[in-house]
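The block underneath contains the structure these notes are about, expressed in structure tokens.
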Amino acid sequence: MRYAKYISAVLFASLLKVKAQDCDVVKNILKGYGYQINEAGNCCDYSLGDQYVVSCKDNSVTSLSVINNNNVNDIPDGVLQLNNLEKLDFSNCQITQFPYKLNALQNLKTLNLWNNKITDITNEISGLKSLENLDLSNNGVSALPDTIGQLSKLQTLTLNNNKLQQLPDSLYQLSELKTINLENNPNLRGNFKSFGNKVDTCNIKNTHLNVEQNDSCNRFITNTENSVAAAAQDAAEEASNKKKSSSTKTVLIILGIILFILLLLGLLYFLSKRSYQKKNTNPSASTERIMTDRDVGESSTEEINVKVDENEVQNKNIKGKNVVEEKVSGATSSSGTTNNTNSVSIDVKPLVK
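Using mature numbering (1 follows the signal peptide of the UniProt record, and there is no 0), the letters of the sequence shown correspond one by one to residues -20 to -1, 1 to 333.
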């Protein structure tokens, strides 16, 4: 019994010692930033509004938040002594480099670094093996490394208000991801693909991402919606709409084909009728033209014949007149002068055929 009490006392003292070690680290960190703290008090009760908060579990510091401090441009090395730290929040500070040294914290699950000055993320981020929640919003991050896909336990990735231009294919290897926020990355382009599992919420508002598969997320936030909307909220309704749309297109295509056939038949009928009318009209016109030409020819022939006959008559008349005159002249000569008083009058009439 006495040994049992001794062992319990030793264990309790060791726990207090671990807790004291964590508290000493926290006190030094906070004092280093100029905060006034109660050094005699329990560090797990430290909290000052929106500046710092400390939380403990099982006699260890498991959460540390130092926020809204423009004097913080890096995470202090003392944090690495908090072996059981699960959550670290250094938001709204002046940190310029991603703290890869945090890879030493094997239990770190949540890292919040929103509204800092971080611009580059390298492949070293893959060392955060236990990370489940990462917030890098409101920084100047322009690209994500390919090793981002090695954060196999990551569930929440917040990257809104950055300068991202494209997403690496390895991002879609995050099979445990539940929420991704890419809002307000106006230069972000490409296809938003499907993850290994269906993500609960995808915020791609104010980006130029094209959703490759609507079923990649249960809920989308896009430019066309003022609140979280379900892109695949009702898959059955979407399938029904697609089916209706397909049916409508089919009907329109059929109607178009029928209309085209009717127009084609109408055109063929018109051309056929026109051709038939031409065939019935042209022979009579040709006949009339031939007859007219024939009549003109006959008329011309008759006129020529008449003219020839008239010429023959005139020639005959002239010849007859000459013969008569010769006879009269001879008679006059033979009768002598005694017959001068007698006049001979001969009326020569033209011969008429």
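Every residue gets a Cβ at the ideal spot worked out from N, C-alpha and C, and that includes glycine.
- If one requires a minimum length of 3 residues, the beta strand (DSSP E) runs lying completely within the segment 65 to 100 are 67 to 69 and 90 to 92, in chain order.
- Relative to the Cα of residue 84, the nearest Cα in the group 201, 157 and 65 belongs to 65.
- In the DSSP assignment, residue 45 falls within the beta strand (DSSP E) that extends over 40 to 46.
- In this chain, residue 52 is not harboured by any beta strand (DSSP E), its DSSP state being neither H nor E.
- Assigned with DSSP and collapsed to three states, residue 176 falls in coil, not helix or strand.
- Closest in C-alpha terms to residue 105, from the list 129, 122, 96 and 97, comes 129.
- In the three-state DSSP reduction, residue 124 falls in the coil class, being neither helix nor strand.
- Contact check between the segment 52 to 63 and the segment 25 to 39: fewer than three CB pairs, one atom from each, fall below 8 Å, which does not count as touching.
- As DSSP reads the structure, residue 254 sits in no beta bridge.
- Here residue 163 is buried: its Cβ has 16 or more other Cβ atoms, across all protein chains shown, within 10 Å.
- In this structure, residue 118 places its C-beta atom within 7 Å of the C-beta atom of residue 95.
- Between residue 168 and residue 187 the beta-carbon gap is near 4 Å, inside 8 Å, which marks them as a contact.
- Of the candidates 138, 243, 100 and 135, the residue whose Cα lies closest to the Cα of residue 126 is 100.
- As DSSP reads the structure, residue 102 sits in no beta bridge.
- The alpha-carbon separation between residue 122 and residue 199 amounts to approximately 25 Å.
- Assignment of beta-bridge partners to residue 201 by DSSP yields 183.
- Taking the Cβ atoms as the reference, residue 189 lies roughly 19 Å from residue 176, outside the contact range of under 8 Å.
- Straight through space, the alpha carbons of residue 231 and residue 137 are spaced by roughly 46 Å.
- Between residue 70 and residue 160, the alpha-carbon positions lie close to 20 Å from each other.
- Cβ-Cβ separation between residue 179 and residue 196: approximately 7 Å, consistent with a contact (criterion under 8 Å).
- Excluding residues up to 5 positions away in sequence, 66, 67, 110, 111, 112 and 113 lie with their Cβ nearer than 7 Å to the Cβ of residue 89 in the same chain.
- Residue pairing for residue 114: DSSP places it in a beta bridge opposite 91 and 137.
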